[in-house]
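K.L.:
Sharing a structure, written as structure tokens. Questions coming.
4 protein chains.
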Amino acid sequence: MSNKKKIINDPVFGFISVPNEFLFDILQHPYVQRLNRIRQLGLSYYVYPGATHTRFLHSLGAMHLMQEAVSVLRQKNVDISHSEGNAAMAAILLHDVGHGPFSHVLEHTLVSGISHEEISLMMMQTINREMHGALEGAIQIFKNEYPKHFLHQLVSSQLDVDRLDYLCRDSFFCGVNEGTVASARILKMLNVCDDKLVVEAKGIYSIEKFLVARRLMYWQVYLHKTSVAAEQLLIKILTRAKQLATEGEQLFASTALQYFLYNTITAEDFLWSEDALRQYALLDDSDILAAVKVWAEGKDVVLKMLCTAFMNRVLFKVKMLETPLQETERNNLIEQYRNKWNITSQEAEYFFSEHSSVTNTYSPQDDNIGILYNDGTIKDVAEASDMLNLQVLTKRVEKHYLFYYQLK
Amino acid sequence: MSNKKKIINDPVFGFISVPNEFLFDILQHPYVQRLNRIRQLGLSYYVYPGATHTRFLHSLGAMHLMQEAVSVLRQKNVDISHSEGNAAMAAILLHDVGHGPFSHVLEHTLVSGISHEEISLMMMQTINREMHGALEGAIQIFKNEYPKHFLHQLVSSQLDVDRLDYLCRDSFFCGVNEGTVASARILKMLNVCDDKLVVEAKGIYSIEKFLVARRLMYWQVYLHKTSVAAEQLLIKILTRAKQLATEGEQLFASTALQYFLYNTITAEDFLWSEDALRQYALLDDSDILAAVKVWAEGKDVVLKMLCTAFMNRVLFKVKMLETPLQETERNNLIEQYRNKWNITSQEAEYFFSEHSSVTNTYSPQDDNIGILYNDGTIKDVAEASDMLNLQVLTKRVEKHYLFYYQLK
Amino acid sequence: MSNKKKIINDPVFGFISVPNEFLFDILQHPYVQRLNRIRQLGLSYYVYPGATHTRFLHSLGAMHLMQEAVSVLRQKNVDISHSEGNAAMAAILLHDVGHGPFSHVLEHTLVSGISHEEISLMMMQTINREMHGALEGAIQIFKNEYPKHFLHQLVSSQLDVDRLDYLCRDSFFCGVNEGTVASARILKMLNVCDDKLVVEAKGIYSIEKFLVARRLMYWQVYLHKTSVAAEQLLIKILTRAKQLATEGEQLFASTALQYFLYNTITAEDFLWSEDALRQYALLDDSDILAAVKVWAEGKDVVLKMLCTAFMNRVLFKVKMLETPLQETERNNLIEQYRNKWNITSQEAEYFFSEHSSVTNTYSPQDDNIGILYNDGTIKDVAEASDMLNLQVLTKRVEKHYLFYYQLK
Amino acid sequence: MSNKKKIINDPVFGFISVPNEFLFDILQHPYVQRLNRIRQLGLSYYVYPGATHTRFLHSLGAMHLMQEAVSVLRQKNVDISHSEGNAAMAAILLHDVGHGPFSHVLEHTLVSGISHEEISLMMMQTINREMHGALEGAIQIFKNEYPKHFLHQLVSSQLDVDRLDYLCRDSFFCGVNEGTVASARILKMLNVCDDKLVVEAKGIYSIEKFLVARRLMYWQVYLHKTSVAAEQLLIKILTRAKQLATEGEQLFASTALQYFLYNTITAEDFLWSEDALRQYALLDDSDILAAVKVWAEGKDVVLKMLCTAFMNRVLFKVKMLETPLQETERNNLIEQYRNKWNITSQEAEYFFSEHSSVTNTYSPQDDNIGILYNDGTIKDVAEASDMLNLQVLTKRVEKHYLFYYQLK
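Given below as structure tokens:
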């Protein structure tokens with residue numbers, strides 16, 4: 065029993081206490097344990113070899129920050145009951161449970177029409193049934209249906225503990241110190257006004273730094289061209305595999321991967337059959353990697369080449385595009401691959417792709433960050449900061465790329 | 065070309081420069097890239113969830129330290145030519161290339177009779193052929209056949225850059241700060257006397273700390289009971305799978321894993337057939353993990369239970385043993401599992417194991433650490449330090465455990 | 065001799081090597097050693113008790129970064145001779161040598177009409193004479209009279225090693241992690257185009273973070289209201305002491321402090337008499353602190369109260385002002401102190417002060433930060449960054465405060 | 065009021081909360097504020113220029129660790145009331161309040177016959193009177209007269225929070241990472257058995273590391289030859305000054321320093337006159353440094369030379385001695401200085417000194433560190449650890465040095 069009150073070493077935050085059995089049991093659930101086998105940053109290790117930390121560790125870290133946030137708010141006389149605190153911690157522990165391996169890749173290939181958030185919710189509901197309703201509060205908070213809305217904001221908003229953890233953690237494991245965010249300091253500045261999370265005015269410089277760090281991490285890590293190139297390659301691989309599967313080709317795959325290769329699984333399937341969720345819950349990075357290696361030795365020349373390139377880190381080259389790819393350039397590329405390998409035009413299309421990376425650092429319309437002044441007034445951070453450029457912060461920045469296999 | 069002079073971010077040492085094309089090409093070799101898919105600490109993430117760093121990153125870090133060591137020694141007028149420096153860096157970059165996934169597990173099950181060092185050497189020889197002999201020097205250093213023996217000591221000795229990297233790195237990713245070693249400081253204290261690596265006397269306290277840190281990491285991380293319990297479970301899984309394979313059972317496995325499950329591969333095979341090395345070079349963590357998940361849904365009840373336990377982190381319990389397990393205790397255990405699941409005695413043996421963890425912190429007979437005094441004399445560290453207990457340091461410490469599946 | 069090639073431990077950058085005797089001799093000069101007794105951040109320790117690092121350590125750290133910068137630029141084929149490298153290192157080592165204790169305070173009281181930069185130059189010239197002209201190059205670089213202007217930019221510009229060191233160092237010792245700047249990364253991105261220091265385009269996010277960190281440090285540390293309150297109090301103390309000295313009162317003071325209390329020293333004096341510089345070179349934090357403690361026991365009631373308040377950390381209270389202090393408010397304050405202590409109006413003025421803190425994060429007119437693109441074009445950072453608000457960055461921000469002694 | 069619940073930034077432990085007004089008021093006491101002007105490591109900055117942290121910061125850090133320790137013990141159901149917690153924190157906050165500037169130096173020169181611990185106690189009693197008895201508990205704990213003895217052990221024993229803080233802190237500011245101790249981890253392992261502080265068995269490796277780190281810090285920092293050389297020089301300076309004062313010479317000195325120069329103050333004086341304590345409480349580093357600088361310009365040739373050497377970092381040279389200095393060597397030295405400067409033999413003795421540095425890492429007789437096993441038994445750490453050499457750990461290590469002014 066007391067064994068369940070565990071302390072876990074975290075290289076980022078030091079000792080993390082699992083505060084009670086309820087949370088310990090969630091942590092031990094196979095759905096959560098599976099996150100130990102899914103890397104938080106997918107293929108970023110092709111650029112940052114230290115970035116092999118898992119979604120499990122991120123979830124644990126976010127739970128830790130939630131515990132801190134709840135304790136800070138309580139000290140400021142914000143009313144959060146014991147069970148509300150637990151619910152908030154459970155909600156953040158499970159907020160990413162629905163992620164699959166290489167999420168961005170998967171959502172473009174094998175599992176379409178349903179987001180990882182929706183799957184997270186389904187998984188939470190399943191665990192809730194197994195735990196006889198103990199997750200009701202967590203689910204309400206997650207869905208923003210709980211009366212104290214600020215608890216949802218701690219889980220999901222411009223300034224949630226999710227971001228506070230992942231910016232710290234991802235920058236730590238990538239070795240990009242500039243992405244570090246003063247999580248502890250920001251947490252100390254939190255408060256609640258009219259059921260809304262706010263930051264006390266003296267924290268404004270930390271918030272500015274948080275937003276700048278976030279932007280830096282986007283362009284330097286999350287949307288790094290080489291990671292995206294690796295993702296595009298894996299998308300092509302899975303698309304090709306799915307195409308071959310559809311054509312009846314026998315492909316090596318674990319049971320779970322088979323399920324998603326040989327069936328077209330829609331949001332409906334997740335709703336009406338238990339099978340989809342059950343199989344999904346078995347998928348992790350190893351299914352994809354193990355299959356790609358076997359496919360690299362297979363007989364389809366397209367799949368073989370793509371997989372070999374992927375394993376040996378011969379990634380797509382990147383070119384920034386000012387305008388969408390012109391028809392003639394497109395045809396040139398196709399022609400080139402056709403001539404080289406004697407393949408069809410359709411097959412040639414597997415060797416290049418266009419892709420846009422989009423981000424905006426801050427969207428006040430969604431759920432703004434309020435700055436609380438000593439006189440009780442609240443301003444949106446984009447207004448409060450004279451440093452930050454409102455129009456820029458809220459602007460979508462979009463960059464277009466051509467990814468292509470470079471012939472020697 | 066200049067693209068090949070890369071800088072790689074390392075969370076432990078900051079920026080690591082790959083000094084030239086020669087080393088960059090080795091880094092890009094599929095054998096080395098494969099280490100990106102093998103975790104340095106195998107199953108330690110069951111205890112330390114941050115410990116997901118790879119053998120690739122360790123090799124890179126060790127290369128970085130070698131570069132530092134060479135530069136320090138040159139400043140002290142130790143003669144190391146450009147090509148010797150390169151050879152030493154190549155040797156350390158490749159010193160672990162022969163590791164398989166979950167090395168300790170594998171060496172007890174699928175790949176026996178040959179050590180990972182021997183496989184490293186074979187892989188180095190293969191790469192050497194591909195690179196037209198460019199690795200000759202590195203191989204000589206690795207095998208300790210190079211005239212300047214101290215270069216081998218930098219690769220492999222009581223105080224090699226391998227240990228300096230892995231102690232720093234493993235403690236960093238585990239979040240066990242106490243294991244940290246002052247690598248930079250120790251490197252600054254290195255010198256060479258009569259072709260032997262020595263540490264200058266003022267570094268003795270750092271060496272003491274290095275030895276104590278090493279001991280601490282052994283018992284707190286490398287031989288942590290829970291990691292070892294996970295390893296024992298995986299050993300049982302692979303042993304059972306191999307048993308079933310031998311009996312002709314069809315088991316899911318990637319091509320490479322199939323090869324080692326359905327054949328008995330000896331050192332001879334590695335020597336006489338290219339196939340063994342080729343298949344081995346395809347194995348990584350994903351083959352094992354993907355298979356275990358499928359086996360957990362299979363029909364052999366023993367394999368099924370073991371795999372389910374493994375995936376869901378229901379690990380073997382541990383009991384320390386003063387004496388080897390008595391026949392009666394052994395029979396009791398077997399009886400218990402037989403009754404519970406209606407299995408044979410032979411099958412019941414898969415649910416427990418005896419294991420001894422052994423370590424000695426320092427073995428002067430192998431290759432001692434010499435302390436160089438200002439007057440030119442050299443003493444073994446165990447003599448030079450009045451703090452450290454010679455007998456103890458050099459003593460094998462052995463702990464005996466019973467690991468067993470706990471019935472509820 | 066070899067003793068002079070020293071390695072010094074720095075908690076911020078690790079080991080710092082003093083590269084040669086020339087620099088070692090400068091480091092040992094009494095003018096430089098004196099910086100060991102002057103705190104880099106003056107009275108900031110009243111807010112950040114860890115901020116006790118000295119101007120010596122900052123100068124040493126800046127020299128270390130200069131060494132790195134020179135080495136990075138040489139790798140990019142920027143021509144910097146051995147003696148130019150030495151001169152640049154000497155220049156940065158000495159760039160702050162003219163600082164007195166509590167610089168901002170001193171420049172408003174005892175030493176007026178001459179800046180610490182001018183005194184630094186005089187000291188450099190004195191050392192140069194002692195070293196038989198060995199500092200010629202350093203002086204030229206410092207004065208921006210050396211043909212390679214980028215060397216001066218490394219010493220003094222928007223992105224000099226001075227700032228790179230002090231932002232890192234001050235945030236480190238204050239424990240304000242958010243002020244940390246990726247010095248190592250920024251240095252790696254430096255280049256020189258047409259004799260002008262530039263940053264390569266991929267470093268733009270680091271530069272953005274550098275500017276935001278700088279702004280944060282200004283408002284959170286350098287202009288922290290409590291530090292400024294302490295400074296204002298010390299200004300009042302020294303002004304009162306000088307007043308009493310002028311009136312012929314005997315005050316305890318070290319010889320050097322006497323010199324500046326009992327004489328009115330102008331820039332002229334520094335030019336025409338050696339005495340001024342000689343006495344100035346003897347001043348450090350201890351002269352001021354030792355005197356203040358004695359004065360707290362003295363007989364002038366004003367000086368006594370101010371000094372007692374200062375020693376016991378009963379600092380001035382702060383009120384932000386929208387407009388300059390009105391005549392009536394001013395008179396009210398004076399009246400209040402007069403009544404309380406039975407002092408004159410003139411004496412009452414020692415118990416409050418108005419003060420404006422001013423900063424602009426970036427001034428392109430001075431010496432802008434150029435961003436170098438792959439196509440060879442260069443843009444000013446304020447243009448290149450879509451994040452940063454040009455108007456804001458370059459705007460002077462001014463905050464007006466009333467500091468006053470609070471009666472109980 | 066709420067202003068008194070402060071959070072203070074500490075570069076070592078992050079945010080430190082002053083938990084309540086009681087402790088805040090102690091922190092603001094002039095006796096405690098004075099520690100802001102006394103460097104924790106005295107003259108160590110001559111070797112480690114970052115080591116300028118103050119006794120104030122150490123006291124604050126130790127209070128923070130005490131807060132953690134109390135909270136850990138309470139979680140383990142050790143009964144510590146609110147006021148006991150406060151008393152323990154007050155006791156540790158004040159444990160070093162009696163330190164003077166450059167303690168080791170002072171205790172050999174101006175303030176003899178009374179230890180800083182005795183003065184700490186006197187100061188605590190003075191503050192206690194001012195606070196109307198609020199420090200009764202703290203004083204009892206400090207004197208080990210409080211019934212719960214383990215509270216005293218937290219303040220002062222082999223494993224007190226004093227050491228846990230200073231090892232961390234001193235290694236941090238010196239930049240000697242190897243001295244770092246896992247304070248947080250060790251605190252988590254604390255427990256109380258039969259009113260005695262113990263460490264749970266799984267913490268044994270951390271304790272071993274703690275002892276080794278401590279030993280390392282002793283020889284590498286606290287007893288570093290260069291620091292000791294600087295101390296010896298300052299002892300000679302103060303001894304000479306006192307000698308001249310006794311002879312009626314007029315020497316520059318602050319009022320407080322005058323008091324100790326021109327009077328012979330004994331333990332009696334502290335007991336029977338308030339003056340001694342009042343003057344002592346005014347002494348800090350600045351009194352000594354300001355005086356030394358003035359003396360360097362004075363007319364006594366011995367004092368002048370010693371002070372000039374000290375200011376310009378021309379420290380005594382060190383020679384290790386196997387045996388006490390022989391009469392002939394002694395006479396040779398004296399002769400040398402006499403001839404050089406035309407001084408008396410007695411005066412020549414100011415230019416050299418013999419000194420022994422002594423330490424033992426662990427003294428079980430005083431107050432041993434108990435290791436608590438799962439079965440409830442307790443062993444002394446020196447017995448429990450097979451690594452550490454009992455005889456060695458408990459052995460006094462003594463090194464004899466000759467310090468002398470080197471003539472050119």
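So the sequences go chain by chain: A, B, C and D. The numbering of the first sequence is our numbering, which starts it at 65 and goes up by one. The numbering of the second sequence is our numbering, which starts it at 65 and goes up by one. The numbering of the third sequence is our numbering, which starts it at 65 and goes up by one. The numbering of the fourth sequence is our numbering, which starts it at 65 and goes up by one. Heads up, the beta-carbon is just placed ideally off N, CA and C, and yes, glycines get one too.
Using a Cβ cut-off of 9 Å (strictly closer), state whether S270/D contacts chain B.
P.N.:
For S270/D, the answer is yes, since a Cβ of chain B falls inside 9 Å of its Cβ.
K.L.:
Quick one: residues in its chain with C-beta nearer than 7 Å to the C-beta of V76/A, no 5 flanking neighbours on either side, listed in chain order?
P.N.:
Result list for V76/A: G125, C232, R233 and F236, in chain order.
K.L.:
I need the boundaries of the alpha helix (DSSP H) containing G125/B, first residue and last residue.
P.N.:
R119 to Q139 is the extent of the alpha helix (DSSP H) around G125/B.
K.L.:
Quick check: is the beta carbon of D351/B nearer than 9 Å to any beta carbon in chain A?
P.N.:
By this cut-off, D351/B is an interface position.
K.L.:
Go to Y286/B, then tell me how far its alpha helix (DSSP H) extends in each direction, as first and last residue.
P.N.:
Unbroken run through Y286/B: none, as it is neither H nor E.
K.L.:
What residues of chain A sit near E194/B, judged by a beta carbon separation below 7 Å?
P.N.:
Those do not exist, as E194/B stays about 13 Å from chain A at its closest Cβ, beyond 7 Å.
K.L.:
Is the region 374–386 of chain B close to the region 458–471 of chain B, with three or more CB pairs under 8 Å?
P.N.:
Cβ pair count under 8 Å is three or more, so yes.
K.L.:
Tell me which residues share the same chain as L341/A and place their Cβ nearer than 8 Å to its Cβ, disregarding the 5 neighbours each side in the sequence.
P.N.:
Same-chain partners within the cutoff: I183, M186, M187, T190 and F334.
K.L.:
Can a CB atom of chain A be found closer than 9 Å to the CB of V445/C?
P.N.:
It does not; no Cβ of chain A falls within 9 Å.
K.L.:
Give the secondary structure of K368/B by DSSP, where H, G and I count as helix, E and B as strand, and everything else as coil.
P.N.:
In the structure shown, K368/B sits in a helix (DSSP, three-state: H, G or I).
K.L.:
Tell me the rounded alpha-carbon separation between E209/C and H117/C.
P.N.:
Straight-line Cα distance between these residues: approximately 32 Å.
K.L.:
Let's see if you can read the secondary structure: which residues bound the alpha helix (DSSP H) around K443/C?
P.N.:
Premise fails: K443/C lies in the beta strand (DSSP E), I442 to D444, not in any alpha helix (DSSP H).
K.L.:
Quick check on N196/B: does DSSP put it in helix, strand or coil?
P.N.:
Inspection of the sequence shows that residue 196/B is occupied by His rather than by Asn. In this structure, H196/B counts as coil in the three-state DSSP scheme.
K.L.:
Under 9 Å, CB to CB, which of the residues in the region 243–266 of chain D have a partner in chain A?
P.N.:
So the close ones are A248, R249 and K252.
K.L.:
What residues in its chain sit with their C-beta under 8 Å from that of E418/B, if we drop five residues either side in the sequence?
P.N.:
Within the same chain, E418/B has close Cβ partners L385, P388, L389, H464, Y465, L466 and F467.
K.L.:
So which residues of chain C does T319/D contact, with C-beta pairs closer than 7 Å?
P.N.:
Correct list: V358 and E361.
K.L.:
Of all Cβ atoms in chain D, is any one closer than 9 Å to the Cβ of I72/C?
P.N.:
Yes, I72/C counts as interfacial toward chain D.
K.L.:
Go through its chain and collect everything with a Cβ distance to N67/A's Cβ below 6 Å, but skip five positions before and after it.
P.N.:
The predicted model places N67/A with a pLDDT of 47, which falls under 50 and marks its position as unreliable; any figure quoted below should be read in that light. Result list for N67/A: empty, nothing under 6 Å.
K.L.:
Mind checking whether A154/C and F86/C have CB atoms under 9 Å apart?
P.N.:
Contact flag set, yes.
K.L.:
For L105/D and G164/D, I'd like the C-alpha separation in whole angstroms.
P.N.:
Distance between the alpha carbons of L105/D and G164/D: 12 Å.
K.L.:
Pick out the complete beta strand (DSSP E) segments inside the region 381–427 of chain B, 3 residues or longer, and give them in chain order.
P.N.:
Counting only runs of 3 or more, we get 381–385 and 416–423.
K.L.:
Across which residues does DSSP place H464/C in a beta bridge pair?
P.N.:
Answer is L385/C and S420/C.
K.L.:
Across which residues does DSSP place N150/C in a beta bridge pair?
P.N.:
Paired residue(s): none; N150/C is not in a bridge.
K.L.:
Which word fits R460/B, buried or exposed, when buried means at least 16 other C-beta atoms lie within 10 angstroms of its C-beta?
P.N.:
So R460/B ends up on the exposed side.
K.L.:
Bridge partners for V256/B per DSSP, in chain order?
P.N.:
Partner(s): L261/B.
K.L.:
In three-state DSSP terms, what is D439/B?
P.N.:
Here D439/B sits in coil by DSSP.
K.L.:
With a 10 Å radius around its C-beta and 16 neighbouring C-beta atoms as the bar for buried, classify M65/B as buried or exposed.
P.N.:
Only weak support is given to the placement of M65/B: the predicted model assigns it a pLDDT of 33, under 50, and the value that follows is read from those uncertain coordinates. Exposed.
K.L.:
Out of curiosity, what's the CA-to-CA distance linking G78/C and Q131/C?
P.N.:
Looking at the two C-alpha atoms, the distance is approximately 14 Å.
K.L.:
Between F120/B and L107/B, is the Cβ-Cβ spacing less than 9 Å?
P.N.:
It is not a contact, given that the beta carbons lie outside the stated cut-off.
K.L.:
Can you pull the chain D neighbours of D109/C, defined as C-beta to C-beta under 7 Å?
P.N.:
Strictly speaking, residue 109/C in this sequence is Tyr, with Asp absent from that position. Under the 7 Å cutoff, chain D gives N100.
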